[in-house]
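Residue numbers for the sequence shown follow my numbering, so the first one is 1 and each next one is one higher.
Don't be surprised by glycine CBs; every beta carbon is placed ideally from N, CA and C.
Comments concern the structure below.
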Amino acid sequence: MTYSDIEFSVNNGVAVLALNRPESLNSFTAAMHGEVQEALAHAAQDTSIRALLLTGNGRGFCAGQDLNDRAVAPGEDLPDLGDSVEKYYNPLIRRLTTLEKPVICAVNGVAAGAGANIALACDIVIAARSASFIESFSRLGLIPDSGGTWILPRLVGMARAKGLAMLGPKVPAEQALAWGMIWQVVDDDALMSVATTLAEQMATQPTRGFALTKQAFAASAANTLDEQLELEKELMRAAGKTSDYREGVAAFLEKRTPRYIGE
């Protein structure tokens, strides 16, 4: 696969997808969306891939939508932003959140607008100390998309979510960590090393169990406690039938390191 707006590689069971439009802070165009969709589809289908690492090249992770890609001449009708969300951003968030493999995001520099919410939709978010998160939609009279209105209240509570959405402050990485938005903050020069090591470690673990865990958490927001307990029962039943569960038990009893195959 040859790409121009992203870089995609697979090593040690980890697919690394790097947004690669550094001159525009990796802001999204329709062309880049197409390349990301293709790469994620490949990551979903390739059983040798057991973890995905998402990052951005250059001095920022992603500045959201490239407004130049939506430019219209004076007097022309403005583009249908709902159509853009339906065609590009919603499928991207659905793919990341339902991918049956762990998704690690390494945030270098700014993550703004859709870029912030794409990062926050990942399973594990590691940020460089210089990174920041900005819900910049309000500056254009827009609402947070890419799942922002769903993700933010669940991460930081409704009061902070509304403040982030309406005031658009820059949230430094350390503050994002303190508010529970992300998992870890590391020094800038250690970001990719730490994120890659974590992704490679997760790629050796029970992949199917991770997929079922993601499914359980995704359902929890809408379920009652009783419904969630029932779901846990069914997902635990499925997990108990996997080869990795059998291997985990055997390794424990034999006092050795388990060799999981992700199934």
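Tell me whether the beta-carbon of residue i lies closer than 8 angstroms to the beta-carbon of residue j.
i, j, result
"N26", "L19", "yes"
"Q65", "G113", "yes"
"Y89", "S146", "yes"
"S132", "P172", "yes"
"L53", "A195", "yes"
"G115", "A31", "no"
"A239", "G209", "yes"
"L164", "C122", "no"
"L92", "I118", "yes"
"V14", "A203", "yes"
"L120", "M166", "no"
"L235", "A216", "yes"
Would you say residue i faces chain D, with C-beta separation under 8 angstroms as the test?
i, result
"E232", "No chain D appears in this structure, which consists of one protein chain only."
From this set, the options, which residue's C-alpha is nearest residue i's C-alpha?
i, options, result
"P22", "L152, V110, N90", "V110"
"N57", "V156, G180, C105, E227", "C105"
"L40", "F61, A127, F8", "F8"
"S4", "H33, V10, N12, A159", "H33"
"F265", "L225, E263, I6, E76", "There is simply no residue 265 to check, as the chain begins at 1 and stops at 263 in what is shown."
"W179", "P74, S193, R160, P206", "R160"
"I134", "K170, R59, A43", "K170"
Provide the residue span of the alpha helix (DSSP H) that contains residue i, from first to last.
i, result
"K101", "No alpha helix (DSSP H) contains K101, which DSSP labels as neither H nor E."
"S299", "Limits of the chain in this structure are 1 at one end and 263 at the other, which puts residue 299 out of reach."
"G248", "243-254"
"K170", "Per DSSP, K170 belongs to no alpha helix (DSSP H); it is in the beta strand (DSSP E), 170-172."
"F8", "Careful: F8 lies outside any alpha helix (DSSP H), inside the beta strand (DSSP E) at 6-11."
"Q228", "225-239"
"K269", "As shown, the chain starts at 1 and ends at 263. That puts residue 269 outside it, with no answer to give."
How would you write the range of the beta strand (DSSP E) that residue i sits in, first residue to last?
i, result
"V16", "14-19"
"F28", "Note, F28: premise wrong, no beta strand (DSSP E); not H, not E."
"I143", "Per DSSP, I143 belongs to no beta strand (DSSP E) and is neither H nor E."
"Q184", "184-186"
Residue i bridges to which residues according to DSSP?
i, result
"G60", "V110"
"A51", "V14"
"I124", "I104"
"Q65", "F28"
Quick check: does the Cβ of residue i come within less than 7 angstroms of any heavy atom belonging to the ligand FMN?
i, result
"K170", "What this structure holds is no ligand at all, so the ligand FMN is not there to describe."
Sufficient close CB pairs (3 or more, under 8 angstroms) joining the region 220-232 to the region 179-194: No: fewer than three Cβ pairs fall under 8 angstroms.
If contact is defined by three or more beta carbon pairs under 8 angstroms, each pair taking one atom from either stretch, is the region 39-55 in contact with the region 197-216? Between the region 197-216 and the region 39-55, the count of Cβ pairs shorter than 8 angstroms is three or higher; the stretches touch.
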